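Colleague: Questions regarding the structure given below will be posed in turn.
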Amino acid sequence: MKTFDAAIAGGGLIGAAIAFELARAGLQVALFDRQQPGEGSSWAAAGILSPAPENSGMISTVPLGRASLQLYPEFGAAVEEISGQKAGYRARGTVEALFSSDPQEKLSTIIALHHGLGLKAEPLSAEDAREMEPALSPELEAAVFRPDEACVDNRALTKAVVAAAERSGVKLFATSNVQSIAKDGGRCNGFVVDGEKIQSHWTIVAAGCHSAEIEGAAHYAPVRPAKGQMIALRAKDLSIERVLWSDHIYLVPRNDGRILAGATVEYVGFDKNVTAGGVQKIIAAALQLAPALADAQIEETWAGLRPDSPDHLPIIGPTDLDGLLIATGHFRSGILLAPITAQLIREWITTQNVSQDWARFSPMRFSEVARATNS
Ligand SMILES: Cc1cc2nc3c(=O)[nH]c(=O)nc-3n(C[C@H](O)[C@H](O)[C@H](O)COP(=O)(O)OP(=O)(O)OC[C@H]3O[C@@H](n4cnc5c(N)ncnc54)[C@H](O)[C@@H]3O)c2cc1C
Numbered sequence: 000m001k002t003f004d005a006a007i008a009g010g011g012l013i014g015a016a017i018a019f020e021l022a023r024a025g026l027q028v029a030l031f032d033r034q035q036p037g038e039g040s041s042w043a044a045a046g047i048l049s050p051a052p053e054n055s056g057m058i059s060t061v062p063l064g065r066a067s068l069q070l071y072p073e074f075g076a077a078v079e080e081i082s083g084q085k086a087g088y089r090a091r092g093t094v095e096a097l098f099s100s101d102p103q104e105k106l107s108t109i110i111a112l113h114h115g116l117g118l119k120a121e122p123l124s125a126e127d128a129r130e131m132e133p134a135l136s137p138e139l140e141a142a143v144f145r146p147d148e149a150c151v152d153n154r155a156l157t158k159a160v161v162a163a164a165e166r167s168g169v170k171l172f173a174t175s176n177v178q179s180i181a182k183d184g185g186r187c188n189g190f191v192v193d194g195e196k197i198q199s200h201w202t203i204v205a206a207g208c209h210s211a212e213i214e215g216a217a218h219y220a221p222v223r224p225a226k227g228q229m230i231a232l233r234a235k236d237l238s239i240e241r242v243l244w245s246d247h248i249y250l251v252p253r254n255d256g257r258i259l260a261g262a263t264v265e266y267v268g269f270d271k272n273v274t275a276g277g278v279q280k281i282i283a284a285a286l287q288l289a290p291a292l293a294d295a296q297i298e299e300t301w302a303g304l305r306p307d308s309p310d311h312l313p314i315i316g317p318t319d320l321d322g323l324l325i326a327t328g329h330f331r332s333g334i335l336l337a338p339i340t341a342q343l344i345r346e347w348i349t350t351q352n353v354s355q356d357w358a359r360f361s362p363m364r365f366s367e368v369a370r371a372t373n374s
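Letter by letter, the sequence shown follows residues 0 to 374 in numbering that gives the first Met the number 0.
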C-alpha cells in the first residue's frame, strides 16, 4: 500500500499550493487529480487579487484576503524560482469606475467602507481616472483606485505551482479519481483512489466544485458549481495597465497583451457551455466600461465552475474526523486565497495552531446547522 504523510484530492491551485507548502515543510505528499492538474476553475479564472468585499456577506473574508494578498509577492517568487516558470504577477492596482447618478455619495461610501476594513482606496475624479487609464469611458463620473491590488495569470501560476510542488518532492498522480475517504475507527487514514487504498496521516479534500462527490466528504464540503463565462479580447492600439471594474464587469490585462472580460455567475449545474446570452452580457458591459474595445478581436471564450458553499464563504480547516481536513468553497476568490489557505493548512498540520482566526470558515459549520435543524 502506498503511504504518505499527507494525501490531497484535487490538483487545482488550492490543492497544488497546499502540496507545495507541505512538501517545503518536509512532509511526504501525494497529490491526486482525476484529470491533468490545473484544468478546473483555476484554469478558467480571471486572476484578480482583490480582498475588497463584493457585498456585505463577504466582509468576513477580508482579513484572509488581505493576508493572502500580502503573501503573494513571496509566494509567486518562490514558485517561479523553484519551478523555473513565470506566474504573470502584476501589482499595479485596480480602478473601479462609477457611473452612478450620485457619484460623490457612492465614492465616499466606498472609500469609508474600504478604510474601515483596513483596505487602501483613493478617490479619483473622472479626468484623473481617464488619465490613468485612457481606455475608460468618457461617461464615467468618478473612480476608486485600490493601489495594493494586483492580478496574476492564473493558468501560468497553477502550472508553475504544480511544477514547483513536484520539484519539492510531491508525488503527483494525474488521471487518478479519488472515490472516497478511508477510515479506521474514528480516524481518517487516507483515500480510496481508483479502487486502491492510499494510506496517509493527513488527508485533505481540495477537489473544487466536485469535493462533495467524494464519498464521506459531502457532509463537510457541501459545495456546488457556480458557472462563470469569460472572453479574451485583443485590441490594437489600446492598452489597459490595471484591472478595471464596473458594477457589471471586470477587465483584466495579461502580460501577453490579451484583455480578459468577465464574468457571469450562473447556477446551472455542471454545464460549461458558452452561451449567446452570456457573451452578449459580457460584451455589452465591457463596451460600456471601455468603448474603444469595440474594435477588439475576440480571441477565446470559455466557462468554468467556481466551488460555491451554502454561505458563499470558503471551507477551510479540520473536521471532527481526526486526520481529515477540507480546503474548498473558495467561490470567486480562490486564486487570491490560495497562499493563505496553504499556509493555514500547513500551520494546523505542523503545529495545530493557526495565525488567522479561521473559525468562521470551519467545515463543521454545516453539520452544526444540520444538527440544530434536526433537533
Ligand atoms: C470565470 C471565473 C472567474 C474567476 N475569477 C477569479 C478571480 O479573478 N480571482 C480569484 O481569486 N478567483 C477567481 N475565480 C475563482 C477561482 O477560480 C476558484 O475559487 C479556484 O480556482 C478554486 O480552486 P480549486 O483548486 O479549489 O478548484 P479547481 O481549480 O476546480 O481544482 C479542483 C481539482 O480537483 C480535481 N478533482 C475533482 N474531483 C476529483 C476527484 N474525485 N479526485 C481527484 N481529483 C478531483 C479537478 O480535476 C480539479 O483539477 C474565478 C472562477 C471562475 C470560474
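Note that CB positions come from ideal geometry on N, CA and C, so glycine has one too.
Keep in mind that this is a model prediction, so the values were computed, not measured.
(1) When the Cα atoms are used, what is the spatial distance from GLY391 to ALA217?
(2) Compute every distance between the C-beta of PRO317 and the non-hydrogen atoms of ligand 1, then say whether any falls below 7 Å.
(3) Just grab the DSSP bridge partners of THR300 for me.
(4) Tell me the DSSP secondary structure of SER199 in three-state form.
(5) Based on DSSP bridge pairs, tell me the residues matched to THR274.
(6) Compute the beta-carbon to beta-carbon distance between SER332 and GLY64, rounded to the nearest angstrom, for a pair I have assumed lies under 8 Å.
(7) Since I believe THR263 is in contact with ILE281 (beta carbons under 8 Å), could you give me their beta-carbon distance rounded to a whole number of angstroms?
(8) I need the boundaries of the alpha helix (DSSP H) containing SER128, first residue and last residue.
(9) Please say whether ILE17 and ILE203 have beta carbons closer to each other than 8 Å?
(10) Answer yes or no: do MET298 and ALA231 have a C-beta to C-beta separation smaller than 8 Å?
(11) What three-state label does DSSP hand TRP357 in the structure shown?
(12) Measure the C-alpha to C-alpha separation of GLU73 and LYS85 and round it to an integer number of angstroms.
(13) Could you check where the beta strand (DSSP E) with PRO317 kicks off and where it finishes?
(14) Going by C-alpha to C-alpha distance, which of ILE13, THR60, GLN34, PHE330 sits closest to PHE172?
(15) Does the stretch 151-164 come into contact with the stretch 123-136, if we say contact requires no fewer than three beta-carbon pairs (one atom in each stretch) closer than 8 Å?
(16) Any idea what DSSP makes of ILE110, helix, strand or coil?
(17) Taking DSSP's pairing of strands, which residues face PHE3 in a bridge?
(18) Could you check if CYS208 belongs to the surroundings of ligand 1, using beta carbon to heavy atom distance under 7 Å?
(19) I need the boundaries of the beta strand (DSSP E) containing GLY189, first residue and last residue.
(20) Quick check: does the Cβ of SER167 come within less than 7 Å of any heavy atom belonging to ligand 1?
(21) Can you list the beta strand (DSSP E) stretches of 3 or more residues lying completely in the stretch 37-112, in chain order?
(22) Using a Cβ-Cβ cut-off of 6 Å (strictly less than) and excluding sequence neighbours within five positions of TRP244, which residues of its own chain qualify?
(23) Helix, strand or coil for ARG241? Go by DSSP, reduced to three states.
(24) Are ALA8 and ILE213 close, meaning C-beta to C-beta below 8 Å?
(25) Confirm the yes/no value for this check: CB of THR327, any heavy atom of ligand 1, distance under 7 Å.
Modeller: So, to answer that:
(1) Outside the displayed span of the chain (0 to 374) sits residue 391, for which this structure offers no information.
(2) Within the sequence shown, numbered from 1, the residue matching residue 317 stands at position 318. Within 7 Å of the C-beta of PRO317 there is not a single heavy atom belonging to ligand 1.
(3) Locating residue 300 in the sequence shown gives position 301, counting from the first residue. Its beta-bridge partners are ILE230.
(4) Residue 199 sits at position 200 when you count from the first residue of the sequence shown. Residue state, collapsed to three classes: strand.
(5) Position 275 of the sequence shown holds residue 274. The secondary-structure analysis by DSSP pairs THR274 with nothing; it has no beta-bridge partner.
(6) Position 333 of the sequence shown, counted from the start, is the residue given in the question as residue 332. Position 65 of the sequence shown, counted from the start, is the residue given in the question as residue 64. Your pair SER332 and GLY64 checks out as a contact, with CB atoms roughly 6 Å apart and the cut at 8 Å.
(7) Walking along the sequence shown from the start, residue 281 turns up at place 282. Walking along the sequence shown from the start, residue 263 turns up at place 264. Indeed they touch by this definition, with Cβ atoms about 7 Å apart.
(8) The residue given as residue 128 occupies position 129 in the sequence shown. Note that residue 128 corresponds to Ala in the displayed sequence, not to Ser. ALA128 -> alpha helix (DSSP H) spans 125-131.
(9) Counted from its first residue, the sequence shown places residue 203 at position 204. Counted from its first residue, the sequence shown places residue 17 at position 18. Result yes, Cβ atoms of ILE203 and ILE17 sit closer than 8 Å.
(10) The residue labelled residue 298 in the question sits at position 299 within the sequence shown. The residue labelled residue 231 in the question sits at position 232 within the sequence shown. The residue asked about is misnamed: residue 298 is Glu in this sequence, not Met. With contacts defined by Cβ atoms closer than 8 Å, GLU298 and ALA231 form a contacting pair.
(11) For the purposes of this step, residue 357 is taken as residue 358 along the sequence shown, with counting starting at 1. Coil at TRP357, not helix or strand.
(12) In the sequence shown, the residue the question calls residue 73 occupies position 74. In the sequence shown, the residue the question calls residue 85 occupies position 86. Near 14 Å, if we compare the C-alpha coordinates of LYS85 and GLU73.
(13) The sequence position of residue 317 within the sequence shown is 318, counting from 1. Judged by DSSP secondary structure, PRO317 falls within the beta strand (DSSP E) whose first and last residues are 314-317.
(14) The residue you call residue 172 lines up with position 173 of the sequence shown. Of the listed residues, the one whose Cα sits closest to PHE172 is GLN34.
(15) Under the Cβ criterion (8 Å, minimum of three pairs), the stretch 151-164 does not count as touching the stretch 123-136.
(16) Position 111 of the sequence shown, counted from the first residue, corresponds to residue 110. DSSP places ILE110 in the helix class (H, G or I) of the three-state scheme.
(17) Within the sequence shown, residue 3 is the residue found at index 4, counting from 1. DSSP, once it has assigned bridges, lists SER199 as partnering PHE3.
(18) On the sequence shown, position 209 is the one that residue 208 refers to. Within the cutoff, so yes.
(19) Working through the sequence shown from its first residue, we reach residue 189 at position 190. Going by DSSP, GLY189 is part of the beta strand (DSSP E) stretching over 186-192.
(20) Counted from its first residue, the sequence shown places residue 167 at position 168. For ligand 1, not one heavy atom lies less than 7 Å from the Cβ of SER167.
(21) If we require 3 residues or more, the beta strand (DSSP E) runs fully inside the stretch 37-112 come out as 93-97.
(22) Within the sequence shown, numbered from 1, the residue matching residue 244 stands at position 245. The residues GLU95, in chain order, have a CB closer than 6 Å to that of TRP244 in the same chain once the five nearest residues on each side in sequence are set aside.
(23) By 1-based counting over the sequence shown, the position of residue 241 is 242. Of the three classes helix, strand and coil, the one that applies to ARG241 here is coil, per DSSP.
(24) For the purposes of this step, residue 8 is taken as the residue at position 9 of the sequence shown. For the purposes of this step, residue 213 is taken as the residue at position 214 of the sequence shown. Yes, Cβ-Cβ distance for ALA8 and ILE213 is below 8 Å.
(25) Here the question's residue 327 lines up with position 328 in the sequence shown. For ligand 1, at least one heavy atom lies less than 7 Å from the Cβ of THR327.
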